[in-house]
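Participant:
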Amino acid sequence: AGGLRGAPPLPPAAVETRPSTLLPGGGIGLVDASRDSGADTSFDQVMRHHQAMVATASAKQETTLGMVMDGQTVAYVVPGTPSHATQITRGDRVISVDGRSVDGSTVGKALRGTDRYGGVVNIGLARGGREQETYLARLQRGPLPPVERQTALFETLLAMGKGLESLLESSREGMGPGSVDVWRRRMGGYIETVAREVTDLEEAREREVGTIKKQRDELRLHAQTWEKSHTARATDVVTEANKVRTLEGEVEFLKNGLDSSLAQVEDLKRQIKALTASKGEAERELAAARGDKEAHQRALDKVGSLTQVTLDQTAEIFRLNELVIQMDSEMVVLEQKLRRKEMEENIEMQSFLGADGGGNVAVQKDRDNPLNPQGVWVPMM
443 AGGLRGAPPL PPAAVETRPS TLLPGGGIGL VDASRDSGAD TSFDQVMRHH QAMVATASAK
503 QETTLGMVMD GQTVAYVVPG TPSHATQITR GDRVISVDGR SVDGSTVGKA LRGTDRYGGV
563 VNIGLARGGR EQETYLARLQ RGPLPPVERQ TALFETLLAM GKGLESLLES SREGMGPGSV
623 DVWRRRMGGY IETVAREVTD LEEAREREVG TIKKQRDELR LHAQTWEKSH TARATDVVTE
683 ANKVRTLEGE VEFLKNGLDS SLAQVEDLKR QIKALTASKG EAERELAAAR GDKEAHQRAL
743 DKVGSLTQVT LDQTAEIFRL NELVIQMDSE MVVLEQKLRR KEMEENIEMQ SFLGADGGGN
803 VAVQKDRDNP LNPQGVWVPM M
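In structure tokens form, the structure reads like this:
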């Protein structure tokens with residue numbers, strides 16, 4: 443008899459005998475009941491191949507320690523794994539994991555833990571019959587043999603069923619009363635156990651696929667968020683640069699207005715000087731015309747008119763001085779605001795260029811712009 447299709451025959455030393463405690467009916471194995479020499483080799487190959495696949499696949503799904511659990515009991519130890527190296531044997535009962543007591547419902551989750559490669563797990567075990575001895579095993583998580591293709595597992599099930607039926611038919615003669623029922627119960631129970639393991643494998647595969655899809659969606663969302671964030675930052679840099687240029691224009695406009703107001707003040711000063719000279723001349727005329735009443739009255743009227751004009755010009759000078767002071771204050775505020783904007787723009791530009799490895803937005807110092815005499819970084823147009 444040759445190997446199964448899709449999987450080469452396994453040598454007896456490569457696998458460990460499947461524990462009969464997983465099968466209904468106590469400690470009597472299937473191969474212990476009755477079989478003829480013609481079906482013996484084929485049956486053993488089917489059983490060994492199936493046992494190796496289930497042990498490896500179950501160990502891959504349950505833990506990275508290399509144990510297949512039946513509740514709290516170690517049902518199988520995968521060769522070449524940490525559990526095999528620490529001489530954990532079939533039939534040992536796991537009673538604690540990392541100092542915490544476990545039962546049949548919590549032992550699987552506790553053994554999986556974080557499933558981190560190289561992580562150390564302290565497992566409390568009980569071994570023996572009535573007088574059990576307890577001991578502590580310290581395991582370090584390691585790699586496991588690769589899981590066989592699940593299609594090969596289904597082929598194994600089919601081949602195993604055919605082998606069992608053939609063996610049952612060939613061994614029917616010579617068996618005592620009730621032997622066929624025992625075979626049927628054992629075959630059905632074993633197939634049911636393997637079917638449950640196959641279902642667990644399918645569910646685990648679906649969970650892994652779901653996890654991979656979730657991680658892919660999270661990475662895609664992260665990439666989109668990163669792209670939107672950097673695009674928004676680039677837009678903010680351009681907006682702030684435009685604000686700086688606008689403020690520079692306002693400052694230049696205020697400077698021009700201030701220069702114009704100062705020129706008006708100088709002109710008014712010259713007018714006041716001329717009026718003062720006219721007033722002195724009128725006073726001299728008044729002194730010369732004191733004897734002439736009419737001339738005296740005209741001189742008085744002229745002096746009064748010049749005095750009123752002088753007062754008006756003086757009031758205008760005060761008003762212009764207040765305007766100059768106000769414009770000076772506004773200019774100081776705008777210069778402070780401009781300096782803050784320049785500092786914020788330089789900090790934002792350095793942060794953007796540093797985060798983007800050079801950035802995707804070309805910038806230059808616009809020193810030729812009359813509205814930007816200080817050479818602030820602005821986007822290239």
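Using our numbering, you'd call the opening residue of the sequence shown number 443 and step up by one each time. Every residue gets a Cβ at the ideal spot worked out from N, C-alpha and C, and that includes glycine.
Considering only residues of the same chain and omitting the five flanking positions on each side of T752, which have a CB-CB separation below 8 Å?
Facilitator: If we look at T752 and ignore the five residues flanking it on each side, its Cβ neighbours are I714, L717, T718, K721.
Participant: Using only CA atoms, which one of A724, L776, E772 lies nearest to E690?
Facilitator: Per the Cα distances, L776.
Participant: If you count every other CB in all the chains shown that lies within 10 Å of the CB of T463, and 16 or more means buried, which is it?
Facilitator: Caution is warranted here: a pLDDT of 33 is assigned to T463, below 50, making its placement in the model unreliable, and the coordinate value is therefore given only provisionally. Exposed.
Participant: May I have a chain-ordered list of the beta strand (DSSP E) segments no shorter than 3 residues that lie completely inside the region 634-704?
Facilitator: Fully enclosed beta strand (DSSP E) runs of 3 or longer: not present.
Participant: Is the Cβ-Cβ distance between I537 and L567 less than 8 Å?
Facilitator: For I537 and L567, yes; Cβs fall inside 8 Å.
Participant: Roughly how far, in whole angstroms, is the beta-carbon of Q755 from the beta-carbon of L696, given that I think they are within contact range, below 8 Å?
Facilitator: Going by Cβ atoms, the distance from Q755 to L696 rounds to 26 Å, so no, they are not a contact pair.
Participant: What three-state label does DSSP hand D512 in the structure shown?
Facilitator: Strand.
Participant: In whole angstroms, what is the alpha-carbon distance linking V707 and E736?
Facilitator: Spanning the two alpha carbons is a distance of roughly 37 Å.
Participant: For H738, tell me which candidate among R569, R647, R726 has the shortest Cα-Cα distance.
Facilitator: H738 has its Cα closest to that of R726, out of R569, R647, R726.
Participant: Could you tell me how far apart the beta carbons of V516 and D534 are, in whole angstroms, since I believe they sit closer than 8 Å?
Facilitator: Going by Cβ atoms, the distance from V516 to D534 rounds to 5 Å, so yes, they are a contact pair.
Participant: If you count every other CB in all the chains shown that lies within 10 Å of the CB of K551, and 16 or more means buried, which is it?
Facilitator: Exposed is the call here.
Participant: Of all the options H526, S543, V549, which has the alpha carbon lying nearest to the alpha carbon of D512?
Facilitator: That would be V549, whose Cα lies nearest to the Cα of D512.
Participant: Using the beta-carbon count (16 or more within 10 Å), is I530 buried or exposed?
Facilitator: I530 comes out buried.
Participant: Pull the bridge partners of R542 from the DSSP assignment, please.
Facilitator: The partner list for R542 (beta bridge, DSSP) reads V539.
Participant: What does the alpha-carbon distance come out to for the pair T576 and V636?
Facilitator: Going from the Cα of T576 to the Cα of V636 covers about 31 Å.
Participant: For A724 versus V693, is the C-beta spacing smaller than 8 Å?
Facilitator: No; because the gap between Cβ atoms is not below 8 Å, this pair is not in contact.
Participant: In the DSSP assignment, find the beta strand (DSSP E) that holds L569 and state where it starts and stops.
Facilitator: Note on residue identity: the sequence assigns Arg, not Leu, to residue 569. From DSSP, the beta strand (DSSP E) with R569 extends over 562-569.
Participant: Compute the beta-carbon to beta-carbon distance between V686 and E764, rounded to the nearest angstrom, for a pair I have assumed lies under 8 Å.
Facilitator: The Cβ separation is near 30 Å, so there is no contact.
Participant: Identify the continuous alpha helix (DSSP H) that holds P524 and give its terminal residues.
Facilitator: Here the alpha helix (DSSP H) through P524 covers 524-527.
Participant: Let me know the secondary structure DSSP gives V775 once reduced to three states.
Facilitator: In the structure shown, V775 sits in a helix (DSSP, three-state: H, G or I).
Participant: Sort out for me which residues DSSP pairs L581 with in a bridge.
Facilitator: Answer is V563, bridged to L581.
Participant: In angstroms, rounded to a whole number, what distance separates the CA positions of R649 and V680?
Facilitator: Distance between the alpha carbons of R649 and V680: 47 Å.
Participant: So what's T829 in DSSP terms, helix, strand or just coil?
Facilitator: The chain is shown only over 443 to 823; residue 829 falls outside these bounds and no answer can be derived.
Participant: Using 8 Å for Cβ pairs, my map puts M773 next to L700. What's the rounded Cβ distance?
Facilitator: About 7 Å separates the two Cβ atoms, so the contact holds.
Participant: Mapping DSSP to helix, strand and coil, what is T576?
Facilitator: Note: T576 maps to strand in three-state DSSP.
Participant: Here's the rule I'm using: 16 or more other beta-carbon atoms within 10 Å means buried, otherwise exposed. How should A674 be labelled?
Facilitator: A674 should be labelled exposed.
Participant: Return helix, strand or coil for V520, following the three-state DSSP convention.
Facilitator: The answer is coil: DSSP assigns V520 none of H, G, I, E or B.
Participant: Run through DSSP, which three-state label would G550 get?
Facilitator: Reduced to three states, the DSSP call for G550 is helix.
Participant: Would you call the CB atoms of P524 and G508 closer than 8 Å?
Facilitator: Yes, they are a contact pair.
Participant: What separation, rounded to the nearest whole angstrom, lies between the Cα atoms of R658 and T667?
Facilitator: Cα-Cα distance, rounded: 14 Å.
Participant: Using beta-carbon positions only, say whether L748 and L728 come within less than 8 Å of one another.
Facilitator: Cβ atoms of L748 and L728: not closer than 8 Å.
Participant: Residues in its own chain within less than 6 Å of V563 by CB, not counting five upstream and five downstream?
Facilitator: These residues qualify, in order along the chain: L581.
Participant: If you compare alpha carbons, which of A527, Q514, S543 is closest to R569?
Facilitator: If we check each option's Cα against that of R569, Q514 comes out closest.
Participant: With a 10 Å radius around its C-beta and 16 neighbouring C-beta atoms as the bar for buried, classify L553 as buried or exposed.
Facilitator: Buried is the call here.
Participant: Please classify K655: is it buried, with 16 or more other beta-carbons within 10 angstroms of its beta-carbon, or exposed?
Facilitator: Its Cβ having fewer than 16 others within 10 Å, K655 is exposed.
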